[in-house]
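Here the UniProt record's numbering is used: position 240 in the sequence shown is 240, and no number is missing along the way. For every residue, glycine included, the Cβ atom is placed at its ideal position computed from N, Cα and C. Remarks on the structure that follows.
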Amino acid sequence: MAKHHSTKGSWEQDFDKYVPSLIVEDLPCYILYRFDSKNSLGHEWLFLSWSPDSAPVRHKMLYASTKATLKQEFGSAHIKDEMHATVKDEVSLKGYKAHLSGVSAPAPLTDREEALKELQESEPHTNYGTDSRQSTMGGVAFPITDAAKQGIVDLQKGSYNYLQFKIDIEEEKIHLSKAAKISLVELPQQVPSDQARYHLYIFQHTHEGDHMDSIVFIYSMPGYNCSIKERMMYSSCKGQFLEIIEKMGLEVAKRVTFSISCIFYLSVCIHI
C-alpha cells in the first residue's frame with residue numbers, strides 16, 4: 001500500500017479532496033475508496049484502476065493481469081463498483097458520476113476479458129488479438145534465469161529430486177533458490193514461513209504395484225506474512241512458469257498449494 005487517508009466527511013465530500021492526489025501521471029495504480037454504505041460484510045468500496053495513456057505498455061499489462069488477484073485478496077464481496085480511468089478528469093467526483101450515468105447493462109465480462117478491454121482502451125494503437133491474449137492475459141511471464149534452467153535440466157538427469165524457485169520482483173525474473181536431494185518427510189522443512197515460493201519435487205512411490213516418479217509442482221504462500229504485491233506476483237506468474245517448465249520437457253503430474261495434508265498424502269493428491 002503506497003498511501004492512505006482517513007475519512008472526514010461523506011464519501012462525496014472527501015472524493016475530490018483525496019482521490020485525485022493519489023494518482024501519478026505516467027504510473028498505473030489501483031485505488032480502493034470506501035463508500036458510506038454497508039452490506040452484510042461491512043463498508044462497500046469503489047475499485048478504481050488508473051492506467052494513463054502515457055504509461056509504459058509493460059506497466060499496463062502488469063497491472064491488468066494482476067487485477068483479479070488483488071480483488072480476490074481484498075474480497076470481491078466488499079467491492080460495490082469498479083471504474084477504469086485513463087485521463088485525470090475521470091479521477092474526480094464529476095468523473096465518477098459520469099461513469100455512473102453511462103453504465104449500461106451488457107453481459108458481464110470475465111476478469112480476462114475485462115483486463116484485455118482495459119489494455120485496448122489504454123493503448124488504442126496496439127492490437128491485442130486472441131493469440132496475444134493467450135500469452136499476455138494468462139498471467140505475467142517473467143523469464144527464468146540460466147541457473148534455474150540448469151536446475152531443471154539437472155532434475156531431469158536425476159542430480160536432484162527437489163528444486164525451489166523465487167521471484168525477484170525488482171528484476172522481474174524467476175531464480176533458482178535451492179536444489180537438493182531430500183526425502184518426503186524433509187519436504188515441509190524446505191518451505192519458508194515468511195515468503196512465497198514455487199517448488200518441484202520428484203515423488204517416488206508405487207501405485208497399483210507400479211513404481212512411479214511423479215513430478216509435483218507445489219505453490220507455497222504463507223498467508224498474510226507476505227505483502228499483497230508478492231502474493232499478486234506469485235499468483236499471476238504461476239501459469240506462465242508452469243508453461244515454461246513443461247516446454248522444457250517436465251511433465252507435471254500434480255499441482256498443489258502447500259499444505260501438510262498434501263505433503264504427507266501426495267499419493268492421494270496425485271491419483272485422484
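Can you look up residue i in the DSSP assignment and give me helix, strand or coil?
| i | result |
| --- | --- |
| Asn161 | coil |
| Gln195 | coil |
| residue 273 | The question about residue 273 has no answer, for the chain in this structure spans 1 to 272. |
| Phe35 | strand |
| Asn127 | The predicted position of Asn127 is uncertain, since its pLDDT is 41 and thus under 50; a value taken from the coordinates is nonetheless stated next. Residue state, collapsed to three classes: coil. |
| Ala68 | helix |
| Pro52 | coil |
| Glu172 | coil |
| residue 341 | The chain is shown from 1 up to 272; residue 341 falls before or after that span and cannot be answered. |
| Val91 | coil |
| residue 299 | Missing from the structure shown is residue 299; the chain here goes from 1 to 272 and no further. |
| Lys8 | coil |
| Ala107 | With a pLDDT of only 47 at Ala107, under 50, the local geometry of the prediction cannot be trusted, and the value read off the model is given with reservation. Ala107: coil per DSSP, three-state reduction. |
| Phe47 | strand |
| Val19 | coil |
| Gln13 | helix |
| Ser122 | At Ser122, the pLDDT of 47 sits below 50, so the modelled position is not reliable; the number obtained from the coordinates is stated separately. Reduced to three states, the DSSP call for Ser122 is helix. |
| Lys80 | strand |
| Ala141 | coil |
| Gly209 | coil |
| Ser177 | strand |
| Lys3 | coil |
| Ser183 | coil |
| Gly239 | helix |
Residue j and residue i - do their beta-carbons sit closer together than 7 Å?
| i | j | result |
| --- | --- | --- |
| Gln164 | Lys178 | yes |
| Ser92 | Pro20 | yes |
| Phe220 | Arg255 | According to the sequence shown, residue 220 is Ser rather than Phe. No, these two residues do not count as a Cβ contact at 7 Å. |
| residue 278 | Ile174 | Only positions 1 to 272 of the chain appear in the structure, and residue 278 is not among them; the question remains open. |
| Asp36 | Ser6 | no |
| Ile79 | Phe47 | yes |
| His199 | Ile169 | no |
| Ser51 | Lys60 | yes |
| Glu44 | Ile228 | no |
| Met232 | Thr86 | no |
| Tyr18 | Ser49 | no |
| Ala77 | Leu41 | yes |
| Asp26 | Ala68 | no |
| Met248 | Ile144 | no |
| Ala180 | Ile215 | no |
Could you check which residue in the options has the C-alpha nearest to that of residue i?
| i | options | result |
| --- | --- | --- |
| Leu70 | Tyr234, Glu251, Ala253, Met248 | Tyr234 |
| Ser183 | Leu176, Glu171, Glu90, Asn161 | Asn161 |
| Pro222 | Tyr201, Glu243, Gln190 | Gln190 |
| Lys166 | Glu230, Val185, Pro28 | Glu230 |
| Glu251 | Tyr201, Gln13, Val57 | Tyr201 |
| His4 | Gly209, Arg34, Pro28, Gly95 | Arg34 |
| Gly158 | Leu176, Gln204, Glu172 | Gln204 |
| Lys88 | Glu82, Pro28, Asp81 | Pro28 |
| Phe241 | Gly209, Glu172, Asn225, Asp213 | Glu172 |
| Pro188 | Asp213, Gly95, Thr257 | Thr257 |
| Lys94 | Thr206, Cys237, Glu186, Gln13 | Gln13 |
Could you tell me which residues DSSP pairs with residue i in its beta bridges?
| i | result |
| --- | --- |
| Arg255 | Phe217 |
| Ile202 | Ile215 |
| Val24 | Leu27 |
| Gly42 | Asn39 |
| Ile167 | Ile174 |
| Ala85 | Trp50 |
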